[in-house]
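Colleague: The structure's right below; bear with me while I get my questions together.
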Amino acid sequence: MKIAEALKSLDNSWSREDVLIKIKNGEDSEKIVNDFFNNKQQEIETLTNFINTKDKILLGEIENLSKIESKIINKIKNYSLTKTDSLTRETFQESLMQTEAYKSFNIGLFMMKWSNKFVFISLLVISAIALTKQAWA
3 MKIAEALKSL DNSWSREDVL IKIKNGEDSE KIVNDFFNNK QQEIETLTNF
53 INTKDKILLG EIENLSKIES KIINKIKNYS LTKTDSLTRE TFQESLMQTE
103 AYKSFNIGLF MMKWSNKFVF ISLLVISAIA LTKQAWA
């Protein structure tokens with residue numbers, strides 16, 4: 003199996019929306035990860051055969067980026083209303099109603115869509131670098 007085919011197969015099989023549905027249905031995160039690895043073992047082995055030390059460093063940086071995104075989401079989720087002490091209760095409720103009216107920008111959907119694409123593009127770049135190095139070697 004070629005690296006491009008493996009990457010495409012992995013990208014097509016991983017849907018953040020499907021994983022979110024599994025989480026909402028009470029499925030454990032470890033089970034989701036293990037099922038993915040069991041179902042895509044051949045593609046993952048193909049991908050790992052092309053990963054060198056430099057690429058592993060980049061993957062570590064991407065992992066750190068994901069951890070930072072997780073912390074930001076957690077802080078947003080737990081944001082305290084004490085920062086809005088200057089607003090009265092009615093003013094706060096009005097602003098809340100206005101934000102609900104403008105739900106055209108959904109930050110969760112934005113994070114799910116672009117984070118997944120960023121990881122996929124990063125993996126493609128890593129494989130392109132590795133293949134280029136092999137071609138010139």
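Residues are numbered in the working numbering as their position in the sequence shown, beginning at 1, plus a constant of 2.
Heads up, the beta-carbon is just placed ideally off N, CA and C, and yes, glycines get one too.
(1) Which class does residue 62 belong to by DSSP, given the choice of helix, strand or coil?
(2) Quick check: the stretch 55 to 62 against the stretch 17 to 37, are at least 3 beta-carbon pairs closer than 8 Å?
(3) Identify, in the order they occur along the chain, each residue of the same chain with its Cβ nearer than 8 Å to the Cβ of residue 10, setting aside the five sequence neighbours on each side.
(4) In whole angstroms, what separates the C-alpha of residue 43 from that of residue 6?
(5) Quick one, are the C-beta atoms of residue 49 and residue 125 less than 9 Å apart?
(6) Report the rounded CA-to-CA distance for residue 79 versus residue 72, giving the unit in angstroms.
(7) Buried or exposed: which applies to residue 89, given that a residue is buried once 16 or more other Cβ atoms fall within 10 Å of its Cβ?
(8) So is residue 63 buried or exposed if we call it buried at 16+ other beta carbons inside 10 Å?
(9) Which residues in the same chain as residue 45 place their Cβ atom closer than 6 Å to its Cβ, once the five residues preceding and following it in sequence are excluded?
(10) Between 29, 52, 61, 28, which has its C-alpha nearest residue 137's C-alpha?
(11) Once the 5 residues before and after residue 24 are set aside, which same chain residues still bring their CB inside 6 Å of it?
(12) Given a threshold of 16 other Cβ atoms within 10 Å of its Cβ, counted over all protein chains shown, does residue 123 qualify as buried or as exposed?
(13) Determine the contact status of residue 15 and residue 41, defining contact as a CB-CB distance below 9 Å.
(14) How long is the line joining the alpha carbons of residue 131 and residue 61, rounded to whole angstroms?
Modeller: Judging by the given coordinates:
(1) helix
(2) no
(3) none
(4) 15 Å
(5) yes
(6) 10 Å
(7) The predicted model places residue 89 with a pLDDT of 49, which falls under 50 and marks its position as unreliable; any figure quoted below should be read in that light. With fewer than 16 Cβ atoms within 10 Å of its Cβ, residue 89 is classed as exposed.
(8) exposed
(9) 8, 11, 12
(10) 52
(11) 34
(12) exposed
(13) yes
(14) 14 Å
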